């Protein structure tokens, strides 16, 4: 893609996100969401492959429907209360419509069907943007409206997302689809706690975005898209593959890695709110996603492919690993010991 075009799209993404997260008025928030959607579409479809065009079309249609619902919710609220302020969302019907709209924007169950397909049709770098940056504005809107949202509805959506995200990722062979279902599962953890402790949702999102960025950038470096090619990629950069193993286990939420911190804090907060059954259920459902993370980790480093099959050996590359990946990997694996400091900052 033309460097000038890339710069314009990147600047538009930054602008759209900034407008949404800093606005108080519903129309400004909606404008930011629209700028974001229009900026990411060329990045999804830049390969001109039919799969990429299909992904861009699906993304555009779902995001347009969700944006229309956001406008509809805000207009209904303004009609009943005379308020356009995001924090003054008090009408129950508006809250319900907005929850559906944000769930559609994020890819929460039952509005999740578009996300794996779109991620599968996008390049890895665009997939990284879709999984991290594009989730920030909708989560910010949820954060700002969290006092007026329906706790029962959000808990049901969260548990269904954790269940389906884990269950549907089990049988996948395409890594981008596995990461899409992983994202849906993580969004379940964020949605269940947003009413009781919104800051925990943001902490979970930041750590998730960091770990996902590490995985996507590593896969982009070793040029891997399928489990079968992941098995033979260990010869390229063995040290990077070893760190990918740890990052995947961190994403699964295993102690003593960084990914354990948000899960631990969310379970603790749910127990304080006398929601021990929900905490138990969502913890058990995270075992489903643990299975496919372990499968990915197993393919990454532990197995050698059978020598009877005809596959081409990958040459070891001498190019140095990107410093960004090195920093992200370190942070994705080693933040748990400084969790008290993180909590004081948050």
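In our numbering, the protein residues as written are -5 to 340.
Ideal Cβ positions, reconstructed from N, Cα and C, are used throughout, including at glycine.
As the structure is a prediction and not an experimental result, all values here were calculated from the model.
- In the assembly as shown, residue 1 is an exposed residue. Its beta-carbon has fewer than 16 other beta-carbons within 10 Å.
- Our two residues, residue 114 and residue 165, have alpha carbons roughly 15 angstroms apart in a direct line.
- Residue environment analysis places residue 76 among the exposed positions, since fewer than 16 neighbouring C-beta atoms fall within 10 angstroms of its C-beta.
- Each of 153, 340, 158 and 339 was checked against the Cα of residue 269, and the nearest Cα belongs to 153.
- Residue 112 and residue 140 have their alpha carbons spaced roughly 28 angstroms apart.
- With a minimum length of 4 residues, the unbroken runs of alpha helix (DSSP H) contained wholly in the region 62 to 148 fall at 86 to 100, 108 to 115, 118 to 125 and 130 to 139.
- Residue 104 holds the alpha-carbon nearest to the alpha-carbon of residue 147 among 11, 138, 104 and 162.
- In terms of CA proximity to residue 170, 212 leads the group 212, 193, 23 and 144.
- Secondary structure note for residue 325: its alpha helix (DSSP H) is the uninterrupted segment 317 to 328.
- Sorting 323, 294, 97 and 137 by C-alpha distance to the C-alpha of residue 197 places 137 at the top.
- Here residue 257 carries a helix assignment [DSSP, helix/strand/coil].
- Here the C-alpha atom of residue 332 lies approximately 41 angstroms from the C-alpha atom of residue 50.
- If the five residues before and after residue 195 are omitted, its C-beta is found closer than 6 angstroms to the C-beta atoms of 184, 187 and 188, all from its own chain and listed in chain order.
- The C-beta separation of residue 206 from residue 127 comes to about 11 angstroms, leaving the pair out of contact by the 8 angstroms criterion.
- Looking at the backbone, the Cα of residue 58 and that of residue 294 are separated by about 38 angstroms.
- Secondary structure note for residue 180: its alpha helix (DSSP H) is the uninterrupted segment 169 to 187.
- Per DSSP, reduced to three states, the secondary structure at residue 220 is strand.
- Proximity to residue 287 across 78, 159 and 203 peaks at 159, based on C-alpha coordinates.
- A straight line joining the alpha-carbon of residue 87 with that of residue 95 spans about 12 angstroms.
- Under the 8 angstroms Cβ criterion, the region 317 to 331 does not count as touching the region 275 to 286, having fewer than three qualifying pairs.
- Residue 151 is positioned such that its CB atom lies no closer than 8 angstroms to that of residue 129.
- In this structure, the CA atom of residue 28 is about 17 angstroms from the CA atom of residue 69.
- Beta-bridge partners assigned by DSSP to residue 43: none are found.
- Taking every protein chain shown into account, the CB of residue 281 has fewer than 16 other CB atoms within 10 angstroms, so this residue is exposed.
- In the DSSP assignment, residue 247 falls outside any alpha helix (DSSP H) and carries neither an H nor an E.
- Residues 156, 157 and 160 of the same chain have their beta carbon placed closer than 6 angstroms to that of residue 279, with the five preceding and five following residues left out of the count.
- Judged by beta-carbon spacing, residue 92 lies within the 8 angstroms limit of residue 83, meaning their Cβ atoms are closer than that value.
- In the DSSP assignment, residue 34 falls within the alpha helix (DSSP H) that extends over 20 to 38.
- Excluding its 5 nearest sequence neighbours in each direction, residue 17 has C-beta neighbours in its own chain below 6 angstroms: 23, listed in chain order.
- Here residue 52 carries a helix assignment [DSSP, helix/strand/coil].
- Collapsing the DSSP output to three states places residue 159 in a helix.
- Where residue 332 is concerned, there is no enclosing alpha helix (DSSP H), because DSSP gives it neither an H nor an E.
- DSSP places residue 190 outside both helix and strand once states are collapsed to three, so it counts as coil.
- Assignment of residue 268 by DSSP, reduced to helix, strand and coil, places it in the coil class.
- Rounded to the nearest angstrom, the gap between the Cα atoms of residue 275 and residue 182 is 12 angstroms.
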